[in-house]
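S.K.: To start, I am sharing the structure in question, which I have written as structure tokens.
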Amino acid sequence: MSVDGEVRLRTEADEPGWEVDPDDEWGVAVVATVGRQLKLRREAVGMRAPDFGKAVGYGEDLVYKIESGKRIPRPEYLDKADELLDAGGLLAAMKEDVAKVRYPKKVRDLAQVEARAVEIGVYVCHSISGLLQTPGHARAAFESRQPPYSEEEVERMVAARVARQSIFDRDPAPALSFVLEEAPLRRPLGGTMVWRQQLERLLQVGRMRNVALQVMPTHRETHPGLDGKIEVLKFEDGTAVGRSDGAFNGRPISDPRQLRILELRYGTIRAQALPPGESLAFIEQLLGET
């Protein structure tokens, strides 16, 4: 972008959500290491920070903050730096670790567990599962929280939520099942367009061969999920982990006896929900009503 013929350099205001979480020790260490490498490479070729900033399209202050480990560099920043500083791919190779740092630690941990699972079952009571949310829906959900999140926090959490959805691209694909309540599907969170896009996304995912998506009708009098969310994840080695808002104080559990309780509850919920085919037809009907 240019103003009166001058190139406008990026500032912090242009990049919300790329701050380092000071409570994330691993993240702080990664960004600090990358920053030192960037500074050493820049100084080794005799390039001043203002000149380097202009070459990559960043303001001098932002360059210093990245090099001092206070800001997370974007992937394209590392690519440009690698080329300008003749790093031979060493800086660009750091993109994978840097990308993980942007997401909150608890989300990274959750994504790592989901990435290992060969079977995942999720029931959500009051919202749509994060694995199924569109960016617009996720943003509207985070923006509705009280006390409100900052814009930077919202952007970071939206990016983290969307990144978890890479699970749908895995090969071999895991077996996934979701049970969603009818009420959240009817709530036009984010406005009509965002709502329509969310329903379309559910139809897209629900038609995948490795996914069973079901809707729990509101007129069901009762079922074992009224206490809240239930998750059950199974792994290739035969182990499993589960969590439920209404059992075992909401803590993750792996004890076989406790897991059987969650599996029984989740199985009963699936039996009471609409079958996958009827569920997709129901969502199509909702989409037609918007």
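Reminder that position 41 of the sequence shown reads as 41 in this note's numbering, one-by-one numbering, no gaps. Beta carbons are placed, not taken as given, at the ideal position from N, Cα and C, and that holds for glycine.
1) Could you check where the beta strand (DSSP E) with R42 kicks off and where it finishes?
2) Nearest-angstrom Cα distance between F282 and Q165?
3) Report yes or no: do the region 74-92 and the region 138-151 share at least 3 C-beta pairs separated by less than 8 Å?
4) List the whole-angstrom C-beta distance separating V179 from A273, where the pair is believed to meet the contact cut-off of C-beta under 8 Å.
5) Helix, strand or coil: which one does DSSP assign to Q133?
6) Give me the Cβ distance between P172 and E119, rounded to the nearest whole Å; I'm assuming they're in contact under 8 Å.
7) Does the separation of the CB atoms of L38 and I66 fall below 8 Å?
8) Cβ atoms of V30 and K70: under 8 Å apart, would you say?
9) Could you name the residues of the same chain whose beta carbon sits closer than 7 Å to that of L333, not counting the 5 residues immediately before and after it, in chain order?
10) Just reading off the beta strand (DSSP E) that H234 is part of, what are its end residues?
11) Cutting at 6 Å between CB atoms, please list the residues of its own chain near I167, excluding the five before and the five after it.
12) Within 10 angstroms of its Cβ, does L202 collect 16 or more other Cβ (buried), or is it exposed?
13) DSSP has V211 in a bridge; who is on the other side?
14) Go ahead and label L226 buried or exposed: buried means 16 or more other beta carbons lie within 10 angstroms of its beta carbon, across all protein chains shown.
15) Is A99 a contact residue of the ligand ATP, with contact defined as CB to any heavy atom under 7 Å?
16) Does the Cβ-Cβ distance between M208 and E181 come in under 8 Å?
17) Quick check: what's the CA-CA separation for P224 versus P73?
18) Checking the sheet assignment: what are the DSSP bridge partners for M47?
19) What number of angstroms, rounded off, separates the C-alpha of H137 from the C-alpha of V45?
20) Take Q214 as the anchor and find which of V194, R251 and L176 has the nearest alpha-carbon.
21) Could you name the residues of the same chain whose beta carbon sits closer than 7 Å to that of F235, not counting the 5 residues immediately before and after it, in chain order?
22) Spatial neighbours of E60 within its chain, please: CB distance less than 7 Å, with the 5 preceding and 5 following residues excluded, ordered by chain position.
23) Alpha carbon to alpha carbon, what distance is there between E83 and T33?
24) Just list the alpha helix (DSSP H) runs in the region 225-275, keeping only unbroken ones of 4 residues or longer that don't cross its boundaries, in chain order.
M.R.: This is what the structure gives:
1) From DSSP, R42 is part of no beta strand (DSSP E) but of the alpha helix (DSSP H) over E25 to A44.
2) Rounded to the nearest angstrom, the two C-alpha atoms are 24 Å apart.
3) no
4) 5 Å
5) coil
6) So it is not a contact: roughly 12 Å between Cβ atoms.
7) yes
8) no
9) Residue 333 falls outside the range modelled here, since the chain spans only 1 to 290, and no answer is possible.
10) Note that residue 234 corresponds to Lys in the displayed sequence, not to His. Per DSSP, K234 belongs to the beta strand (DSSP E) from I230 to F235.
11) E114
12) buried
13) L176
14) exposed
15) With respect to the ligand ATP, the structure shown offers nothing to examine, as it has no ligands at all.
16) Taking 8 Å as the Cβ cut-off, M208 and E181 do not qualify as a contacting pair.
17) 45 Å
18) DSSP output for M47 lists no bridge partner at all.
19) Near 46 Å, if we compare the C-alpha coordinates of V45 and H137.
20) L176
21) R116, A117 and V118
22) A49, P50 and G53
23) Going by the C-alpha atoms only, they are around 19 Å apart.
24) 256-272
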